[in-house]
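Undergrad:
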Amino acid sequence: VLEHAGDDRLLALAVSNTAQLRMLSDRYTEAVEHGERAIALARKADDAAILSHALNNVGTARWRGGDPGGRRQLEESLEVALAAGEVEHACRSYANLIWTLLDNLQYDEADRFLLPAMDLADRAEHLGFLNYLHVELAVRRLAAADWEDAEKHAEYGMHDFVPARCPALTVLARVRIRCGRPGAAELLAEAREIAVRTRELQRTGPVAAALAEAAWLRGDLAAVTAAAGPVHAQADRLPGVPYRAELGYWLTRAGHTVRLDDSEHPYALQARGLWRQAATRWLEAGCPYEHAVALAESPDPADKLTALATLDALGAEPRARLLRTELRGIGVRHIPRGPLAATRENPAGLTRRQLQVMRLLADGLTNAEIAARLVVSVRTVDNHVRAVLDKLDAPTRRHAADCAARLGLLAQEEGTLPEAEGPLPLSET
Numbered sequence: 263v264l265e266h267a268g269d270d271r272l273l274a275l276a277v278s279n280t281a282q283l284r285m286l287s288d289r290y291t292e293a294v295e296h297g298e299r300a301i302a303l304a305r306k307a308d309d310a311a312i313l314s315h316a317l318n319n320v321g322t323a324r325w326r327g328g329d330p331g332g333r334r335q336l337e338e339s340l341e342v343a344l345a346a347g348e349v350e351h352a353c354r355s356y357a358n359l360i361w362t363l364l365d366n367l368q369y370d371e372a373d374r375f376l377l378p379a380m381d382l383a384d385r386a387e388h389l390g391f392l393n394y395l396h397v398e399l400a401v402r403r404l405a406a407a408d409w410e411d412a413e414k415h416a417e418y419g420m421h422d423f424v425p426a427r428c429p430a431l432t433v434l435a436r437v438r439i440r441c442g443r444p445g446a447a448e449l450l451a452e453a454r455e456i457a458v459r460t461r462e463l464q465r466t467g468p469v470a471a472a473l474a475e476a477a478w479l480r481g482d483l484a485a486v487t488a489a490a491g492p493v494h495a496q497a498d499r500l501p502g503v504p505y506r507a508e509l510g511y512w513l514t515r516a517g518h519t520v521r522l523d524d525s526e527h528p529y530a531l532q533a534r535g536l537w538r539q540a541a542t543r544w545l546e547a548g549c550p551y552e553h554a555v556a557l558a559e560s561p562d563p564a565d566k567l568t569a570l571a572t573l574d575a576l577g578a579e580p581r582a583r584l585l586r587t588e589l590r591g592i593g594v595r596h597i598p599r600g601p602l603a604a605t606r607e608n609p610a611g612l613t614r615r616q617l618q619v620m621r622l623l624a625d626g627l628t629n630a631e632i633a634a635r636l637v638v639s640v641r642t643v644d645n646h647v648r649a650v651l652d653k654l655d656a657p658t659r660r661h662a663a664d665c666a667a668r669l670g671l672l673a674q675e676e677g678t679l680p681e682a683e684g685p686l687p688l689s690e691t
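In the working numbering, the protein residues as written are 263 to 691.
1) Assign D574 to one of two classes, buried (16 or more other C-beta atoms within 10 Å of its C-beta) or exposed (fewer than that).
2) Which class does M380 belong to by DSSP, given the choice of helix, strand or coil?
3) Note the first and the last residue of the continuous alpha helix (DSSP H) segment covering T642.
4) What would DSSP say about T519, mapped onto helix, strand or coil?
5) If you follow the alpha helix (DSSP H) that E413 is in, where does it begin and where does it stop?
6) By Cβ distance below 7 Å, which residues in the same chain neighbour A435 in space, the five residues on each side in sequence not counted?
7) Leaving out five residues before and five after A667 in sequence, what residues of the same chain have Cβ atoms less than 8 Å from its Cβ?
8) Work out the CA separation of V342 and R543 for me, nearest whole Å.
9) By the three-class DSSP mapping on this structure, what secondary structure does V349 have?
10) Would you identify the three-state DSSP class for L275, choosing helix, strand or coil?
11) I believe G321 touches G332 by the beta-carbon criterion, under 8 Å. Please report the beta-carbon distance rounded to the nearest angstrom.
12) Give the DSSP-derived three-state secondary structure of G611 in the structure shown.
13) Go ahead and label T658 buried or exposed: buried means 16 or more other beta carbons lie within 10 angstroms of its beta carbon, across all protein chains shown.
14) Which residues mark the beginning and the end of the alpha helix (DSSP H) in which D288 is found?
15) In whole angstroms, what separates the C-alpha of V493 from that of L272?
16) Assuming D365 contacts P504 (C-beta within less than 8 Å), just tell me the rounded distance between them.
17) Give the single residue among L651, L585 and L303 whose Cα lies nearest to the Cα of G611.
18) Apply the 10 Å Cβ neighbour rule to L557 and answer buried if 16 or more other Cβ atoms are within range, or exposed otherwise.
19) Does the segment 383-403 come within contact of the segment 560-571, defined as at least 3 CB pairs closer than 8 Å?
20) Would you mind sorting K653 into buried or exposed? The rule is 16 or more other CB atoms within 10 Å of its CB.
21) Report buried or exposed for L602, applying the criterion of at least 16 other Cβ atoms within 10 angstroms of its Cβ.
22) Under a three-way DSSP split, which group does V594 fall into?
23) Is the beta carbon of Y317 less than 8 Å from the beta carbon of R305?
24) A633: buried (16+ other C-beta within 10 angstroms of its C-beta) or exposed?
25) If you drop the 5 nearest sequence neighbours on each side, which residues of the same chain put their C-beta closer than 7 Å to that of T280?
26) Please work out which residues of its chain come closer than 7 Å, Cβ to Cβ, to V700, disregarding the five sequence neighbours upstream and downstream, and give them in chain order.
27) Using beta-carbon positions only, say whether A533 and G510 come within less than 8 Å of one another.
28) Under the rule that 16 or more other beta-carbon atoms within 10 Å means buried, what is E398, buried or exposed?
29) Select from R641, L392, H415 and W512 the residue whose C-alpha is nearest the C-alpha of P378.
30) Output yes or no for whether 8 Å exceeds the beta carbon distance between L376 and R402.
31) Do G328 and P501 come within 8 Å of each other at the CB atom, strictly closer than that value?
32) Buried or exposed: I301, going by 16 or more other Cβ atoms within 10 Å of its Cβ?
33) Which residues in the same chain have their Cβ closer than 6 Å to the Cβ of A311, if we skip the five residues on either side of it in sequence?
34) By DSSP, does L602 sit in helix, in strand, or in coil?
35) What are the uninterrupted segments assigned as beta strand (DSSP E) that are 3 or more residues long and contained completely in the segment 446-499, given in chain order?
36) Are the beta-carbon atoms belonging to I439 and E410 less than 8 Å from one another?
See the structure below:
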């Protein structure tokens, strides 16, 4: 109907929306075809909002499809939106730009955009995009192995619409997987349910990778295959998809032969047995956990011991435990037992935040009062309290407080628990 209505603006909007749907369903060639037409129509109609929308769709499709030239169109989309005061379109441009940089392991570049993006969404009170940007920051902090910060920012997506909730669940699950904490399976079950409904590889890919990692760490190779295989087959049909490299790597770890990805993605390098090059790339990207995992694949015990030290420092107990078994298996006699000093000081293995929550809990504060004191959400405190009870094997809060007192966890030096931490300034998030 719009083709014959003579309204270039409405036609541009319809064609751009079609391009967006094609982009989200990973049909990149079709997305570019429709999007380029929408760009021409939007320029003719002199409509900045639709032009930004169309440039965003084309730039994202091209870039995610392996054409780095798409980044320039995505940045133009942002520039057009900012110049026209189109906050929603600017936030969308920021979100797609940052997500693609994260996918490409360009974390320093992503950092350049995160602060202004969050500042814009915050000032405009565009809470949907602000929550989504917090989740993107959680993905960034997960890559840096800053588990606590990753969890803090992921929590913003737990009360929001589906696009934010699915990656938030995935980040929270991966922190638990890598730290050996309970609850990952339930989080991933919900994330997978959401991802399957969206049928978007940007959702199904990370969930499948997290499921495969968890299965490999517990030695269930059949589950690795079940998690990674179908989504890898989907990713393998598309150009330039980072999930292909990671899922292909997990399939090789499960003993499968996959079509080798000849890219320089570190997971692709690991799948080809090039662990040293992969470790170097992970280090350059600022991913200490992945760097240690790649280094652990070295046949040299010295490299394995270096990797073990990093894993211990990160609190990555499941992978460290497997590596200790490997070291014993190759005859290494002197294997560090782990962070013993930290264990003596904190025998329950509580994180810094969990210790703070435990001490306030022991003072009789409710979860809501603890949340107000620490300036975090009540849901975040709920999660910390559950973790404290699990680690102390305590059925009730009173039992947890008694156990913490016996272990000496309630003693603290003056100033170690501030009255209120307050939210991090935006420049530090």
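Idealized CB from N, CA, C, for every residue including glycine. As the structure is a prediction and not an experimental result, all values here were calculated from the model.
TA: Let me spell this out:
1) buried
2) helix
3) V640 to L654
4) coil
5) W409 to A416
6) A446, L449, L450, A453 and A472
7) A624
8) 34 Å
9) helix
10) helix
11) 4 Å
12) coil
13) exposed
14) No alpha helix (DSSP H) contains D288, which DSSP labels as neither H nor E.
15) 36 Å
16) 5 Å
17) L651
18) buried
19) no
20) buried
21) Model confidence at L602 stands at a pLDDT of 46, short of 50, so the residue's coordinates are unreliable; what they give is reported in the following sentence. Classification for L602: exposed.
22) coil
23) The sequence given here places Leu at residue 317; Tyr does not occur at that position. No, the Cβ-Cβ distance between L317 and R305 is not below 8 Å.
24) buried
25) H296
26) Absent from the structure is residue 700, since the part of the chain shown begins at 263 and ends at 691.
27) yes
28) buried
29) L392
30) yes
31) yes
32) buried
33) E348 and H351
34) A caution first: L602 carries a pLDDT of 46, below 50, which makes its placement in the model unreliable, though a value can still be read off. DSSP places L602 in helix when its eight states are reduced to three.
35) none
36) no
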